[in-house]
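One structure is given here, and the rest of the page talks about it.
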Amino acid sequence: MPLIQVWMRKGKPSAYKAAISESIHQAMMSVMKLPGDDYFQVTHELEEENYIFDPNYFGMPRSPDFLMIRLSFNARPAAMKQALFEAIADNLVASPGLRREDLGMSIVETTFENWWAHGRRVDNDTGTDSRIGKA
Amino acid sequence: MPLIQVWMRKGKPSAYKAAISESIHQAMMSVMKLPGDDYFQVTHELEEENYIFDPNYFGMPRSPDFLMIRLSFNARPAAMKQALFEAIADNLVASPGLRREDLGMSIVETTFENWWAHGRRVDNDTGTDSRIGKA
Amino acid sequence: MPLIQVWMRKGKPSAYKAAISESIHQAMMSVMKLPGDDYFQVTHELEEENYIFDPNYFGMPRSPDFLMIRLSFNARPAAMKQALFEAIADNLVASPGLRREDLGMSIVETTFENWWAHGRRVDNDTGTDSRIGKA
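Residue numbers (the working numbering), protein chains in the order written: chain B, 1 to 135; chain R, 1001 to 1135; chain E, 2001 to 2135.
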């Protein structure tokens, strides 16, 4: 039951925002083996003056399309997190067509006991949702 | 000094939102023994296309009233966190009348040194606010 | 690559919001030795009914100007975090002229591997961005 937060500048069409959401979700499913219905994302569209970033970062220009993504979920191995970042970036480059320079991502990890949803089933052997793959 | 974030679909009346806030706050006080003035909540009301969740989760239908709550505070024992989740769910079912299936909650724990408020008093013996109960 | 979130009541002029952003950024640079372009902040302006805090906290009155700041970055020593809190408070008192009683701050620390930006360079010896000072 991850929580995904996206921040972006206001004013993009619905299809563009839907493509962002779908691209992230597909990466979560393919890399973390989440079930398709384990899907929760919030998008915060902000006015330019409330969405502040340097137009250059490490010498690379950022455009107004710059997107910040925060992912929250239970602790995962470093290699899986790295694979997730790359899959999200690849998917967003493909659709809606973002530049890699216009992406920032971060993960906040918590423990399994820190999530609650009605009817959520816990596998006592693995400490994870019983439906989630072991990959 | 917890920070509580609530996400919901836009358009609910003020009384409905106030009931959500009060239900969460009452649970924080009763389970975590917070003083009544230790109250901080932000509610993000989002357009439908910016508030994305699967209409079914683990086989249970979610309605447009689905509410996501994130609680941030210092580390607490697992049993207290579980009791808090249940108290919040119970309170929200009672007022404003949410279904348990329409609730998602997560906790981000930090250390005591990671909070700042002017005049905040620290109990060096317990590492907590000196006013907060030991429960 | 920190992520800074600011919550405030809606309706302040642009110059006021820009002063808040600049005051926080200056403190990040001076205390944490971040490069100037390592700058990312989102400001959430909320309606009064969506921005809830007790008008008194620990016996001190809070005004409608109350500001909540969340800082997310890699783990830092406690002394540096304390210095950062004080520097941010000092800067915000100076500009835009906030009262210390109207400030709340918290930090969420993550590991270095939990951040991604295209072209980000990692110093394998220190586990930090190679450009960031060691202070």
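Cβ coordinates follow ideal geometry from the N, Cα and C atoms, glycine included. Treat the numbers as computed from the prediction; the structure is a model and nothing was measured.
Neighbouring residues, chain E, relative to residue i (Cβ below 7 angstroms)
i               : result
S1095 (chain R) : Under the 7 angstroms cutoff, chain E gives no residues; its nearest Cβ is about 16 angstroms from S1095 (chain R).
DSSP state of residue i mapped onto helix, strand, coil
i               : result
Y1039 (chain R) : coil
F1085 (chain R) : helix
M1080 (chain R) : helix
E47 (chain B)   : coil
S2063 (chain E) : coil
V2093 (chain E) : helix
Rounded C-alpha distance that separates residue i from residue j
i               : j               : result
I2088 (chain E) : V93 (chain B)   : 37 angstroms
P35 (chain B)   : Y51 (chain B)   : 32 angstroms
R1009 (chain R) : D1102 (chain R) : 12 angstroms
F112 (chain B)  : M1068 (chain R) : 17 angstroms
G119 (chain B)  : W2007 (chain E) : 33 angstroms
I2020 (chain E) : N91 (chain B)   : 35 angstroms
G1133 (chain R) : A1083 (chain R) : Reliability of the predicted coordinates at G1133 (chain R) is poor, the pLDDT of 45 falling under 50, and no value is obtained from them.
R99 (chain B)   : H25 (chain B)   : 18 angstroms
P1055 (chain R) : E1048 (chain R) : 12 angstroms
N2114 (chain E) : P2064 (chain E) : 35 angstroms
D37 (chain B)   : A117 (chain B)  : 13 angstroms
K1033 (chain R) : G2104 (chain E) : 20 angstroms
E2045 (chain E) : G2011 (chain E) : 8 angstroms
M2060 (chain E) : M28 (chain B)   : 45 angstroms
S2014 (chain E) : G2097 (chain E) : 15 angstroms
F1066 (chain R) : A2078 (chain E) : 38 angstroms
R2062 (chain E) : Q1005 (chain R) : 20 angstroms
M1001 (chain R) : M2001 (chain E) : 26 angstroms
T2110 (chain E) : E86 (chain B)   : 19 angstroms
N177 (chain B)  : N2074 (chain E) : Residue 177 (chain B) lies beyond the range of chain B shown here (1 to 135); nothing can be said about it.
Partner residues on chain B for residue i, Cβ-Cβ distance less than 9 angstroms
i               : result
G2119 (chain E) : Y57, F58, G59, M60, R100 and E101
S2072 (chain E) : R70, S106 and V108
L1092 (chain R) : Within chain B, no residue comes near L1092 (chain R); the closest Cβ sits about 11 angstroms away, beyond 9 angstroms.
Range covered by the beta strand (DSSP E) that runs through residue i
i              : result
F949 (chain R) : Lying before the first or after the last residue shown, residue 949 (chain R) is absent from chain R, which here runs from 1001 to 1135.
E109 (chain B) : L103 to T110
Beta-carbon neighbours of residue i, restricted to chain R and to distances below 9 angstroms
i               : result
A2083 (chain E) : In chain order: nothing, as chain R lies at least about 11 angstroms away.
K33 (chain B)   : Near K33 (chain B) there are no residues of chain R at all, since even the closest Cβ is about 16 angstroms away, more than 9 angstroms.
M2028 (chain E) : Within 9 angstroms Cβ-Cβ: nothing; M2028 (chain E) doesn't reach chain R, min ~15 angstroms.
Contacts of residue i in chain E (Cβ-Cβ under 9 angstroms)
i               : result
E1113 (chain R) : A2078, K2081, Q2082 and I2107
T1041 (chain R) : Before going on, a small fix: residue 1041 (chain R) reads as Gln here, not Thr. Here the neighbours are N2050, Y2051, I2052 and F2053.
Test item: CB-CB of residue i and residue j under 8 angstroms
i               : j               : result
F2053 (chain E) : F1040 (chain R) : yes
K17 (chain B)   : T43 (chain B)   : yes
S106 (chain B)  : S23 (chain B)   : no
L1003 (chain R) : R2070 (chain E) : yes
S72 (chain B)   : V31 (chain B)   : no
Residue range of the unbroken alpha helix (DSSP H) whose run includes residue i
i               : result
M2008 (chain E) : Here M2008 (chain E) belongs to no alpha helix (DSSP H); instead the beta strand (DSSP E) covers L2003 to R2009.
H1025 (chain R) : S1014 to M1032
Residue i: contacting residues in chain E (beta-carbon distance under 8 angstroms)
i            : result
W7 (chain B) : V2042
Chain D contact for residue i (CB, 8 angstroms cutoff)
i               : result
M2001 (chain E) : Among the chains of the structure shown, chain D does not appear; the protein chains present are B, R and E.
Under 8 angstroms by beta carbon: chain B residues contacting residue i
i               : result
D2037 (chain E) : D54, N56, Y57 and F58
S2021 (chain E) : I52
E2045 (chain E) : N50
Under 8 angstroms by beta carbon: chain R residues contacting residue i
i              : result
S14 (chain B)  : E1049
K147 (chain B) : Only positions 1 to 135 of chain B appear in this structure, which leaves residue 147 (chain B) out of reach.
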